[in-house]
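One structure is given below, encoded as structure tokens.
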Amino acid sequence: MLQKTSVRRPDALHRPAALPFAGGVVSTRGITMRQNLTQIIALVLLYPGLAACARGDDTYPSLAIRPAELGLPAEPPPPAGPIRPATPAARLAQLRSTVQSADTAFATRAAQTARLAEAAAGQPFESNARAAAMVALADLDGLRARTANALVEIDVMAAEAANLLSPDQPLTDLQTEVAATLAREDATIARLWARIGS
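In structure tokens form, the structure reads like this:
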């Protein structure tokens, strides 16, 4: 009696083994494909980070040895320039010339006013001598104003220099000189007023 011999079908030789899972059966081929897909996704996610690490070489400080690390002396910083430049010499000369011109005119007019003040001394208010002396004093005060205006401008520049801690000795010297001139002119006017009397 012939025995039955079981013959395996050809497709059974290449059929992947099946593994059970909770929802059914998963083949080993499916597991392998899923693992490959997971690796591909991981590489895609890591690529931007790797690219970022590869970029930006020029954004980091140089690793070259610095002069200080070689023991070389560091270069001294350049000297700081003046916060406020000194007043130009031409401007100081112009202000001094203005004051000298005004003071010369003042002295000439003061001599004339002194003679008129002598004539007006003790005269009544309505007298011609007193009126002439008063006009001369007004002119004298106008000449004094030219000196005073120059001193105001000098005082402003000197205050700016002081606030910026920037000494300007030529400007300070001119300020002292003009202030003395103005004080002398004020004293002259006061003396003439006293000579005329009230």
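With the first letter of the sequence shown counted as 1, position 178 gets the number 178 in the working numbering; the numbers rise by one all the way through.
The beta-carbon is built from N, C-alpha and C at its ideal position, and this holds for glycine as well.
Excluding the 5 residues preceding and the 5 following Ala129 in the sequence, name in chain order all residues of the same chain whose CB lies nearer than 8 Å to its CB. Here residue 129 is taken as the residue at index 129 of the sequence shown, counted from 1. So the list reads Leu116, Ala119, Ala120 and Gln123, once near-sequence residues are dropped.
State buried or exposed for Thr176, treating a residue as buried only when at least 16 other CB atoms are found within 10 Å of its CB. Mapped onto the sequence shown, residue 176 falls at position 176. Answer is exposed; the Cβ neighbour count stays below 16.
Between Glu75, Ser101 and Ala64, which lies nearest to Ala145 when the distance is taken from Cα to Cα? Your numbering for residue 145 matches position 145 in the sequence shown. The shortest Cα separation from Ala145 among Glu75, Ser101 and Ala64 belongs to Ser101.
Check whether the segment 130-145 touches the segment 84-94, taking contact to mean three or more Cβ pairs, one atom from each stretch, closer than 8 Å. no
Throw me the rounded Cβ distance for the Thr147 and Ala158 pair, which I believe falls under 8 Å. The residue given as residue 147 occupies position 147 in the sequence shown. The residue given as residue 158 occupies position 158 in the sequence shown. 16 Å between Cβ atoms; not a contact.
On a Cα-Cα basis, can you pick out the residue from Pro77, Pro76, Ser97 and Pro85 that is closest to Val178? By one-based count along the sequence shown, residue 178 stands at place 178. Cα-wise, what sits closest to Val178 is Ser97.
Looking at the structure shown, is Ile196 part of a helix, part of a strand, or coil, going by DSSP? The residue labelled residue 196 in the question sits at position 196 within the sequence shown. Reduced to three states, the DSSP call for Ile196 is helix.
Near Ala66, which residues of its chain fall below 6 Å by C-beta distance, leaving aside the five closest residues on each side in sequence? Taking the sequence shown and counting its residues from 1, one reaches residue 66 at position 66. A small fix is needed here, since residue 66 is Arg in this sequence, not Ala. Correct list: empty, nothing qualifies.
Span of the alpha helix (DSSP H) around Asp103: For the purposes of this step, residue 103 is identified with residue 103 of the sequence shown, where counting begins at 1. Residues Ala89 to Ala120.
Thr181 burial status per 10 Å Cβ neighbour count (16 or more: buried): For the purposes of this step, residue 181 is taken as residue 181 along the sequence shown, with counting starting at 1. Classification for Thr181: buried.
Chain-order list of residues whose beta-carbon lies under 8 Å from that of Leu95 (same chain, five-residue window excluded): The residue labelled residue 95 in the question sits at position 95 within the sequence shown. Result list for Leu95: Ala150, Glu153, Ile154, Leu174 and Val178, in chain order.
Could you give the distance in angstroms between the alpha-carbon of Ala190 and the alpha-carbon of Pro78? In the sequence shown, counting from the first residue as 1, residue 190 sits at position 190. In the sequence shown, counting from the first residue as 1, residue 78 sits at position 78. Taking the straight line joining both Cα atoms gives about 55 Å.
Which residues in the same chain as Asp168 place their Cβ atom closer than 6 Å to its Cβ, once the five residues preceding and following it in sequence are excluded? Counted from its first residue, the sequence shown places residue 168 at position 168. Same-chain partners within the cutoff: Ala86, Thr87 and Ala161.
Cα-Cα, which of Asn163, Ala111 and Phe106 is closest to Asp141? Here residue 141 corresponds to residue number 141 of the sequence shown, with the count starting at 1. Out of Asn163, Ala111 and Phe106, Phe106 has the C-alpha closest to the C-alpha of Asp141.
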